[in-house]
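Down below is the structure, laid out as structure tokens.
Numbering (full-length UniProt numbering), first residue to last: 1 to 137.
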């Protein structure tokens with residue numbers, strides 16, 4: 001055994017005690033965090049209790065007003081939905097009308113083009129002197 005072994009032993013104990021102190025500080029911080037969390041929950045529950053109490057007194061004090069407000073909001077919501085569905089239906093109908101109008105215009109263009117072709121054929125046939133052969137003339 002050397003002469004410095006007791007110093008090494010004391011340094012080891014000091015290091016062990018420092019580790020325990022650090023561990024205790026960690027546990028203290030953890031417990032403080034839990035205490036803070038529990039205080040937050042207590043504050044939240046207190047706020048909820050106050051809101052429930054205020055709501056109960058408001059409900060008792062103005063039951064008719066609440067029903068009135070409820071039905072007013074319900075009517076407003078219903079009217080908004082009705083207007084939205086009407087606008088959606090009108091938009092859909094407008095798109096359908098546009099589509100049908102485009103189809104009709106396309107058919108008219110085809111018909112007009114066919115008429116022009118038939119007229120050109122008719123003119124060509126008449127010009128060639130064969131109008132009696134062409135039945136659409």
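Built from N, CA and C at the ideal position, the CB exists for glycine as well.
request  = Determine the direct distance from the alpha carbon of residue 82 to that of residue 89, and round the result to whole angstroms.
outcome  = 10 Å
task = Just the C-alpha distance for residue 10 and residue 19, rounded to the nearest angstrom, thanks.
result = 14 Å
task = Work out the CA separation of residue 42 and residue 27 for me, nearest whole Å.
result = 22 Å
ask   = Around the C-beta of residue 57, are 16 or more other C-beta atoms found within 10 angstroms, so that it is buried, or is it exposed?
value = That one is exposed.
task = For residue 130, count neighbouring C-beta atoms within 10 Å of its own C-beta (all shown protein chains included) and say buried if the count is 16 or more, exposed if not.
result = Bear in mind that a pLDDT of 47 at residue 130, under 50, signals an unreliable position, so the number given afterwards is only what the model happens to contain. Exposed, because fewer than 16 other Cβ atoms sit within 10 Å of the Cβ of residue 130.
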